[in-house]
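Numbering (my numbering), first residue to last: 7 to 378.
Heads up, the beta-carbon is just placed ideally off N, CA and C, and yes, glycines get one too.
Model, not experiment: these values are computed from the prediction.
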């Protein structure tokens with residue numbers, strides 16, 4: 007109650023003070039209010055005029071675009087049918103027409119394939135559009151830089167590789183990603199170290215899937231280079247997972263030793279799971295001891311991958327351990343172990359039938375019947 011009364015007193019004092027100031031400076035306050043209204047009115051009208059002007063300009067641009075599209079449509083197919091030479095086509099496209107021509111040609115460039123697409127690339131080079139986009143890489147507008155990177159990639163413009171490498175360090179995240187993707191597409195192995203180093207310093211695990219997709223653009227040629235970087239560079243765990251996933255995908259067993267070491271030493275469970283998953287793809291009999299030992303670990307995903315790997319190897323020596331894990335209460339561990347026993351030949355099948363006859367678990371019975 008006391009606080010409320012104090013607040014009332016303070017509020018009354020403030021209102022009395024404002025009232026006195028307003029009465030003493032009434033004319034000045036009126037001028038300020040009028041000026042404020044005039045300024046607001048001016049800016050509102052300015053925005054309205056800008057909107058009207060922009061719409062008129064955009065309609066004009068669309069009309070010009072359509073006019074040029076109609077003209078270039080016929081010329082394009084004459085060129086693709088060898089009825090029009092590059093010199094003749096060049097006369098129809100001036101430098102100031104490039105923005106319009108790029109909008110016109112983009113969809114055709116994406117749809118065409120084979121010889122027609124190669125012929126279109128040759129036309130771009132002849133017109134100098136590759137140089138135009140290389141200059142756009144330095145534009146202050148990041149969207150123009152992204153568009154330039156994107157189109158240079160579509161064109162397979164190898165002469166732009168040096169400039170694209172510079173874009174790995176662009177201040178725009180989107181430009182960096184686009185540049186890295188296009189360098190991968192162009193199979194520029196020399197840029198791999200710079201890309202990974204930059205990703206290692208400036209990106210997080212959220213980029214895992216995207217980075218994997220970018221690096222996969224290289225194809226299997228990337229593997230020896232990726233191995234060297236994997237062994238020599240102190241990579242963050244999420245980037246190590248990217249490398250491990252690629253090694254597993256391509257069954258690159260040159261890295262067995264480093265993956266085994268990483269599995270044993272890392273405290274990152276996701277990375278540990280990635281290692282055993284990749285090692286399982288190699289189907290290396292010498293890893294049997296490792297997978298049998300892993301089958302006894304506590305983490306579900308590690309045991310699942312170990313069971314899958316032992317199933318691929320199909321060795322009789324692993325049957326006894328698989329029999330035990332096949333009766334596990336965990337659904338996925340039991341399922342993969344039962345499937346692994348099925349792959350161990352006749353002896354594995356006999357063991358499954360024995361478990362089926364003795365188990366009290368309905369889940370285990372259903373899994374075995376499904377597998378058999």
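Requested in this report: Give, in chain order, every unbroken run of the alpha helix (DSSP H) that is at least 4 residues long and sits entirely within the stretch 195-239.
Outcome: 198-208, 214-222 and 229-238
**Report entry** Proximity of residue 185 and residue 152 at Cβ, strictly below 7 angstroms
**Finding:** no
Query - Beta-carbon gap between residue 346 and residue 313 smaller than 7 angstroms - result: yes
Requested in this report: Inspect the CB distances between the stretch 140-151 and the stretch 190-202 and report whether three or more fall short of 8 angstroms.
Outcome: no
Report task. Closer than 6 angstroms by C-beta to residue 344: which residues in its own chain qualify, once you throw out the five before and the five after it? Chain order, please. Result -> 332, 373, 374 and 377
Query - Three-state secondary structure assigned by DSSP to residue 359 - result: helix
Query raised in the report: Between which two residues does the alpha helix (DSSP H) harbouring residue 271 extend?
Result: 262-271
Query - Cβ neighbours of residue 10 in the same chain (closer than 6 angstroms, five flanking residues each side left out) - result: Any reading at residue 10 must be qualified, since the residue scores a pLDDT of 48, below 50, and its modelled position is unreliable; the value itself is stated next. The answer is none, since no qualifying residue turns up.
Report task. Look at the Cβ atom of residue 339, then the Cβ atom of residue 357, and state whether they are nearer than 7 angstroms. Result -> no
Query - Cutoff 6 angstroms; reference residue 157; Cβ partners in own chain excluding five residues on either side - result: 139
Query raised in the report: Beta carbon of residue 181, beta carbon of residue 173: below 7 angstroms?
Result: yes
Query - Span of the alpha helix (DSSP H) around residue 338 - result: 337-348
Report task. Assign residue 88 to buried or exposed, taking buried as 16 or more other Cβ atoms, counted over all protein chains shown, within 10 Å of its Cβ. Result -> exposed
Query raised in the report: Hey, out of 224, 118, 255 and 129, whose CA is closest to residue 99's CA?
Result: 129
Query raised in the report: What three-state label does DSSP hand residue 321 in the structure shown?
Result: coil
Query raised in the report: Can the beta-carbon of residue 380 be found closer than 7 angstroms to that of residue 315?
Result: No statement about residue 380 is possible, as the shown extent of the chain runs from 7 to 378 and does not include it.
Report task. Would you mind working out which of 270, 155 and 276 sits nearest residue 251, comparing C-alpha positions? Result -> 276
Query raised in the report: Tell me which same chain residues have a C-beta within less than 6 angstroms of the C-beta of residue 202, skipping the five on either side of it?
Result: 235
Requested in this report: Counting only the same chain and skipping the five closest in sequence on each side, list residues whose C-beta sits under 8 angstroms from that of residue 145.
Outcome: 151 and 154
Query raised in the report: Closest by CA to residue 86, which one among 127, 258 and 227?
Result: 127
Query raised in the report: Measuring CB to CB, does residue 288 end up less than 7 angstroms from residue 257?
Result: yes
Query - Residues near residue 160 in its chain [Cβ-Cβ closer than 7 angstroms; skip 5 each side] - result: 115
Query - residue 258 - DSSP class collapsed to helix/strand/coil - result: coil
Query raised in the report: Considering only the beta carbon of each residue, do residue 191 and residue 223 sit closer than 7 angstroms?
Result: yes
Query - DSSP state of residue 140 mapped onto helix, strand, coil - result: helix
Requested in this report: Note down, in chain order, each residue of its chain lying with its Cβ closer than 8 angstroms to the Cβ of residue 248, except the 5 sequence neighbours on either side.
Outcome: 214, 217, 218 and 221
**Report entry** residue 170 beta carbon less than 7 angstroms from that of residue 206
**Finding:** no
Query raised in the report: If you run the structure through DSSP and keep just helix, strand and coil, what is residue 145?
Result: coil
Query raised in the report: Around the Cβ of residue 225, are there at least 16 other Cβ atoms within 10 angstroms (buried) or fewer (exposed)?
Result: exposed
**Report entry** First through last residue of the alpha helix (DSSP H) which encompasses residue 284
**Finding:** 275-288
Query raised in the report: Terminal residues of the continuous alpha helix (DSSP H) containing residue 4?
Result: Outside the shown range of the chain (7 to 378) lies residue 4, about which nothing can therefore be said.
Query raised in the report: What is the DSSP secondary structure of residue 304, counted as helix, strand or coil?
Result: coil
Query raised in the report: Is residue 88 helix, strand or coil by DSSP?
Result: coil
Requested in this report: Can you tell me the Cβ-Cβ gap for residue 353 and residue 370, rounded? I've got them flagged as a contact below 8 angstroms.
Outcome: Incorrect: roughly 19 angstroms between the Cβ atoms, too far for contact.
Report task. Would you decide whether residue 136 is buried or exposed? Buried here means 16 or more other CB atoms lie within 10 Å of its CB. Result -> buried
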